[in-house]
Amino acid sequence: MSAALAVAVGGLFAVGTFLLLQRDLVRVVFGIAVVSQATFVYLIAMGGIEEGTGDLVPVLDTHGGAVPEIADPVVQALVLTAIVISFGTTALALVLSYRAYEENESMDVTEWSR
Amino acid sequence: MSLLVIAPLLVAVTTAVCTLALGRRPRLQRAASVGGAVGYVASVSVAVWALVLGPAAPGAAVYQVGDWPAPFGITLVLDGLSAFMLTMAAGVGIASILFSVRYVSRENQRVYYHPLFHMLLVGVTGAFLTGDLFNLFVWFEVMLIASYVFVAFYGTDHATAASFRYLVMNVFGSALMLVAVGGLYAATGTLNMADMARRLATPDAYGIDPAPVVGLSALLLAVFALKAGLVPFQFWVPGAYTAAPAPITAMFAGVTKKVGIYAIVRCYFTVFATASVPVDLPGLTAASPLGFLAPVLGAMGVASIAVGGFGAVGRDRLESVFAYSSVGQVGFIAVPVAIAAAADPAGAFRGVAIAAALVFALHHALAKGLLFLAAAAVEDATKTGRLRHLGGLAGHSPVLSGAVFVGLLSLIGLPPLTGFFGKFLAFDAAVRGIASNPGPSSALALVALLVGAVLTILYATRVWTSGFWGRETAAVEVASADSGQVAVLVALAAAVVLVGVGFDPVYRFAETAATAALDSEAYVDVVGLNGGDRA
C-alpha cells in the first residue's frame, strides 16, 4: 500500500510540475490543480493505516463484528480543509487566467509584454 | 484562556463582514472600514497591554478554540513575539486604510476593496496568533487569497500578469508547506507547535525519531522565505508590489512580508530549536535544525541585500525603487536572525540578535510603509511616478517632501530615527557574531550589511536629488498634493521620529518578544502542556 501511495504521489507531483512549467495558461492552471491533488494524497498517506482498536477509535468497541483497517481521522480533516482552499484557489486561477488572456491577448505566458 | 487573545481577530472579521454588507452604502462602508481599523488598533493595544506588557500582565495568554485541550484542538497564543508583530500590523494597517480612503477612487473602493483589506488583516492576525502548524497554513491562505485579488485589483495587463504569477508561485509554495506540515505530523505525531517543541525536546519519551525534522523544516523555510521575498524567491516582489494599489503595497511590505519572517523565527527558535538532530551535509555539520538555518538563511539574507540594493539603484519608477529596496531590507532582517541561529543557545546574545531583527522589521514596516504611501501621493499629485519626470518637489510641496525626507533618512539610518536603531542593532549583532563565532561567514555577513548600507545611501540619495531637488519639471508645476494623504504621511513620519526618540520602551518590547521567541518551555507552559502527558 505504501509503495502504491508513494508512486501515486511521485507521479502526480511529476505531472503537476511538468504542467506548471508549460507556456500555456490553461495547462498551468491544470498544473496547480494536479500539484494540489498530489499533496492531498501525500497528506492521507502521512496519517498511516493501522489496525483499528477500541483504544484508538472508541466507536469500534460498540460497532460489533469485524473491523476493517482504519485511517487517522486528523489527516482526513486536514485534507478536507485543504481541498476547500484548493478549490477556491483553482477557481480564482481560472478566472484570473481568462482575464489575463483578455488583457494580454495571449494564452502564452512568454508572449506577455510585462 | 482569554477571549482578549482573539479580540483583534474578531474585530477584523466583524469589520470585513460589515463592510461587505454595506457595499451599497459607500459612505457608511468607508466609515465602517476606518472604524474597524481603529477598533483593530484598540483591541490590539488592549490585548497587548493586558496580557503581555502591562504591570499585571501574565506575559502570554492562550485561547483554545472550542475549549478543546491543547494538543487536540487549535490553540491561539498571544505571547511577546505575537504581540510585537500584531502591534506592527495595527500601526501599518490604520495608516494604510486612512490613506486608501483618500487615495483609491470611490468607484474602486466599492469593488470589495474594504472587505478584502480586512480579510488581509484577518489572515495576518491569525498567522501571528496561531499555535498550530496546519492552522498557520490556513491563515496563510486567507492572507494570500486577499493578496491575489489585490495584485489583480486594477485589472490591467500588468496587474493580471503579476497576479497570475504571484498565484502560481504561492500555490506551489502552499503545496510544499502542506508536504512539510504532513511530514512533521507523521514524524512527531502532532500539529500543535508547543506539543511539537515538547516532543522534539525529549523524543525518546514519545517514541519518535526527530531525524526527518531537519529536511522538513528546510521545506518550511523555503515557503516562509517565499512569503518574505528573500532571494532566491524574490522575483514576484517587484511585479506584485507595483501592480497592487499603493496602500496595499504598504501592507505587503510592512506586514505580510513580516509574516514570513515571523514564521521563520517562531518555527525555528520556539519549536525546532528544542530538537537535537545531527545534521551532516556536504560542507555543513550541525547539532540541531538551527545549525542548518544559520548558513542557509544567512546566505539568503546576504543575497537579498545585494539583489535588492543593486536592483533599487537603477530603477526609474519610485515604486520599483522601493520594491527592490524592500527585498534588500528583508535581507537586513534575515541576517541577524541567521546570526542568532549560529549563536550559543545558552548565551544572551541570541536574544539580542533576534531583538535586532525585530527592531529592523519594525523600522522597515514604518519607513517603507511611509515611502510606498508617499510614492503613491507623489504619483497622484504629479500623474507620474518616474524619477526622470520629477524634480523640485521639495520646493513645490514641502510638507509631502518633508515626510519623504524623514522616510529616506530613516532608511539610510540617521539618528534619532527608528532606522538608526534598526541598522545599529543589526551591525551590533554582526560584529558580536564575529566575536563569538569567528570565521569567513560571520565576516561576510558584516561586509554584506556594509555594502547594503552604502547601496541604501546611494538609492535614497538618488531618489531625493532627482525627484525632490532641482528645478520643477512640468509635471511638478501643476501638481497639487491631497491634504488628507499628506496628513497620513506626516503622521507616519512622526511615528518614525517618535519611535526613534523614545526608543527605550520599544527596545524593551522587542526584548520581551525575543525572549518569548526563544523560551520554548514557557511557550509549552502557556499552551497548557506542562506536567504529564495528556495524550
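Going line by line, the protein sequences match chains Y and F. Each position in the first sequence, counted from 1, maps to that position plus 246 in this note's numbering. Each position in the second sequence, counted from 1, maps to that position plus 138 in this note's numbering. We put the CB at the ideal spot given by N, CA and C, even for glycine. Note that the structure is a prediction, hence the values are computed from the model and not measured.
Three-way DSSP call (helix, strand, coil) for residue i in this model
i, result
"F/ILE668", "At residue 668 of chain F the sequence reads Asn, which differs from the Ile that was named. Coil at F/ASN668, not helix or strand."
"F/LEU314", "helix"
"Y/LEU338", "helix"
"F/VAL589", "helix"
"F/ASP657", "coil"
"F/ALA673", "Reliability fails at F/ALA673, whose pLDDT of 37 lies under 50, so the model's placement of it is uncertain and the value that follows must be treated cautiously. It is coil, neither helix nor strand."
"F/LEU555", "coil"
"F/THR611", "coil"
"Y/ASP270", "strand"
"F/ASP566", "helix"
"F/ASP642", "helix"
"F/VAL397", "helix"
"F/SER171", "helix"
"F/ALA519", "helix"
"F/TYR597", "helix"
"Y/MET247", "coil"
"F/TRP602", "helix"
"F/TYR250", "coil"
"Y/TYR288", "helix"
"F/PHE430", "helix"
"F/SER243", "coil"
7 angstroms Cβ cutoff met for residue i and residue j
i, j, result
"F/ALA514", "F/LEU549", "no"
"F/ALA648", "F/ALA493", "yes"
"F/GLY327", "F/LYS365", "no"
"F/LEU320", "Y/LEU289", "Checking the displayed sequence, the identity of residue 320 of chain F turns out to be Gly instead of Leu. Cβ distance < 7 angstroms, so F/GLY320 and Y/LEU289 count as in contact."
"F/PHE362", "F/ALA401", "yes"
"F/LEU267", "F/LEU189", "no"
"F/ALA351", "F/VAL459", "It is Val, not Ala, that sits at residue 351 of chain F in the sequence shown. Against a cut-off of 7 angstroms, the Cβ pair of F/VAL459 and F/VAL351 comes out as no contact."
"F/THR387", "F/PHE498", "no"
"F/ALA411", "F/LEU428", "yes"
"F/LEU305", "F/TYR286", "yes"
"F/ARG404", "F/PHE487", "no"
"Y/ALA339", "Y/VAL275", "yes"
"F/THR263", "F/LEU147", "yes"
"F/ALA441", "F/VAL369", "yes"
"F/ALA228", "F/VAL179", "yes"
"F/ALA541", "F/GLY218", "no"
Beta bridge counterpart(s) of residue i as assigned by DSSP
i, result
"F/ARG524", "F/ARG455"
"F/ASN330", "F/ASP270"
"F/VAL624", "For F/VAL624, which the question treats as bridged, DSSP gives no partner whatsoever."
"F/TYR201", "F/LEU214"
"F/ALA424", "F/VAL417"
"Y/ASP354", "Y/ASP270"
Alpha carbon of residue i to alpha carbon of residue j, nearest angstrom
i, j, result
"F/ARG672", "F/LEU216", "A caution first: F/ARG672 carries a pLDDT of 40, below 50, which makes its placement in the model unreliable, though a value can still be read off. Each residue's alpha carbon lies about 22 angstroms from the other."
"Y/VAL280", "Y/PHE259", "7 angstroms"
"Y/ASP318", "F/PHE275", "20 angstroms"
"F/VAL592", "F/THR556", "18 angstroms"
"F/GLY670", "F/ARG240", "Reliability fails at F/GLY670, whose pLDDT of 43 lies under 50, so the model's placement of it is uncertain and the value that follows must be treated cautiously. Between F/GLY670 and F/ARG240, the C-alpha separation is close to 56 angstroms."
"F/GLY377", "Y/ASN350", "15 angstroms"
"F/ALA382", "F/ARG453", "18 angstroms"
"F/ARG303", "Y/GLY257", "24 angstroms"
"F/ASN308", "F/LEU282", "8 angstroms"
"F/ALA505", "Y/VAL320", "43 angstroms"
"Y/ALA249", "Y/MET292", "13 angstroms"
"F/LEU546", "F/HIS502", "11 angstroms"
"Y/GLY277", "F/VAL664", "42 angstroms"
"F/THR611", "F/LEU528", "6 angstroms"
"F/THR603", "F/ALA512", "16 angstroms"
"F/LEU552", "F/GLY436", "25 angstroms"
"F/SER234", "F/ILE477", "32 angstroms"
"F/THR520", "F/ASP620", "11 angstroms"
"Y/SER359", "F/PHE291", "19 angstroms"
"F/ASN330", "F/ALA324", "13 angstroms"
"Y/TYR347", "F/ASP205", "48 angstroms"
"F/GLY293", "F/LEU508", "25 angstroms"
Neighbour flag for residue i against chain B, beta carbons, 7 angstroms
i, result
"F/LEU271", "The chain labelled as chain B is not found among the protein chains of the depicted structure, namely Y and F."
Any non-hydrogen atom of the ligand ZN closer than 6 angstroms to residue i Cβ
i, result
"F/SER535", "Absence of the ligand ZN from the depicted structure is noted, as is the absence of any ligand whatsoever, leaving it without description."
Problem - chain Y contacts from the stretch 280-295 of chain F (Cβ-Cβ distance under 7 angstroms) - result: ILE283, TYR286, ALA290, GLY293, THR294 and ASP295
Exercise for the section: Compile a chain-ordered list of the residues in the stretch 328-346 of chain Y whose CB is closer than 7 angstroms to at least one CB of chain F. Expected result: ALA328, ILE331, GLY334, THR335, LEU338, ALA339, LEU342, SER343, ARG345 and ALA346
Practice task
Could you run through the stretch 292-325 of chain F and flag, in chain order, every residue whose CB is less than 7 angstroms away from some CB of chain Y?
Solution key: GLY293, THR294, ASP295, HIS296, THR298, ALA299, SER301, PHE302, LEU305, VAL306, VAL309, PHE310, ALA313, LEU316, VAL317, GLY320, GLY321, TYR323 and ALA324
Problem - Residues from the stretch 199-218 of chain F in contact with chain Y, defined by Cβ distance under 7 angstroms - result: none
Practice task
Anything in the stretch 229-240 of chain F with a Cβ closer than 8 angstroms to a Cβ of chain Y? List those residues in chain order, please.
Solution key: none
Practice task
Return the residues of the stretch 452-466 of chain F that lie within a Cβ-Cβ distance of less than 7 angstroms from chain Y, sorted by chain order.
Solution key: none
Practice task
With 7 angstroms as the limit, tell me which residues of the stretch 252-276 of chain F have their beta carbon closer than that to any beta carbon of chain Y; keep them in chain order.
Solution key: PHE272 and VAL276
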